[in-house]
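Down below is the structure, laid out as structure tokens.
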Amino acid sequence: RFSLFFPEKRTFFQERSSIFNFAFEGKSNVFYSRQIGLNKGEQVPILGGIRLTGMAGKWDIGLMDLQTQSYEPADTTQSTLPYENFGVLRLRRQVINRNSYIGTIFTSRLTFDGSYSTTYGVDGIFRLFKNDYFNIKLAQVMAKSQANNPFSLDPTRIFLNWKRYNDRGLGYDFTYTRSGKDFKPAMGFQQRRDYSYYAGSLQYGWIPGQESLLMNHKFELNETIYVSNPTSDIQTAETELAYKFNFKQGFGGMVAILNSY
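Note that our numbering has the sequence shown beginning at 1, numbered continuously upward.
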């Protein structure tokens, strides 16, 4: 039912790969480097390219551009792949405090037969209180094969998350994201299309004293729901009540009750 996510193993793409990260829930991401030089398990020759990562003042900068060669797949049922150019630009900058930043991303996949797909987005993580963080992302896809209305939700992806990081006392994590029917980043990865995602988590934890074998332990109540945008039908839903614990020796474990739909 879903596309399979495989991690990147090529050294060229691994170094400081986190700078290009523009992720939503799960494995969904605007940029997925395995879209370059690979097609349905076959290697597509890369003619060459450039890659630049670094910092300039408070700016994190990532730039990549690669050119692939025309390719005849071994599977004769597939058509010949034309020459393609893959480009990505990622910028991030610290704002307000050292734990907050704003950023932008731009990706382009240009095919020498005249088709194209570009994705652009803005994001930010803001430390609001001591352990509370607000994460927001907005991205759109513009491609030759679709209507390309920037004021429509169809090519748009929205992501909102509020999280409190806490091992002691109350913690929480709330997420909402919506992916339109035309949000199909040609250089990205998505397991689902045209859906909305709701998630909530409440936790309460303890850090025992020095004499305890436990480093920390907590109770969690978690809920996740995937909903189809066209029909409002629930695609997937999970409710979990869990007790998690970690020992000072490095061992950990959990006991949970899970209802999965």
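The C-beta atom is built at its ideal place from N, Cα and C for all residues, glycine as well.
With a beta-carbon spacing of about 6 Å, leucine 214 and phenylalanine 247 fall inside the 8 Å limit used to define contacts.
In this structure, the alpha-carbon of glycine 205 lies about 28 Å from that of tyrosine 101.
Approximately 7 Å separates the beta-carbon atoms of threonine 53 and isoleucine 61; this is inside 8 Å, confirming the contact. Within the same chain, no Cβ atom closer than 6 Å to the Cβ of serine 145 is found once the five residues on either side in sequence are excluded. Taking all protein chains shown into account, valine 255 has fewer than 16 neighbouring C-beta atoms within 10 Å of its C-beta and is therefore exposed.
Going by DSSP, phenylalanine 5 is part of no alpha helix (DSSP H) at all; its letter is neither H nor E. The beta-carbon separation of tyrosine 197 and glutamate 25, rounded to 5 Å, stays under the 8 Å limit for a contact. With a cutoff of 8 Å on beta-carbon distance, leucine 160 and tyrosine 176 are scored as near each other. Glutamine 14: member of the alpha helix (DSSP H) spanning 11–14, first to last residue. CA-to-CA, the gap between glycine 49 and isoleucine 207 works out to about 50 Å.
In the displayed model, glutamine 67 falls within a strand according to three-state DSSP. Scanning the region 41–85 from its first residue to its last, the whole beta strand (DSSP E) runs of 3-plus residues come out as 46–56, 59–68.
Straight-line measurement puts the Cα of lysine 218 at about 32 Å from the Cα of glutamine 190.
CA-to-CA, the gap between leucine 63 and arginine 1 works out to about 33 Å.
Pairing glycine 121 with glycine 209, the inter-Cα distance amounts to about 46 Å. Between isoleucine 36 and leucine 66, the C-beta gap is smaller than 8 Å, which places the two residues in contact. Taking C-beta atoms as the reference points, glycine 180 and valine 30 fail to come closer than 8 Å.
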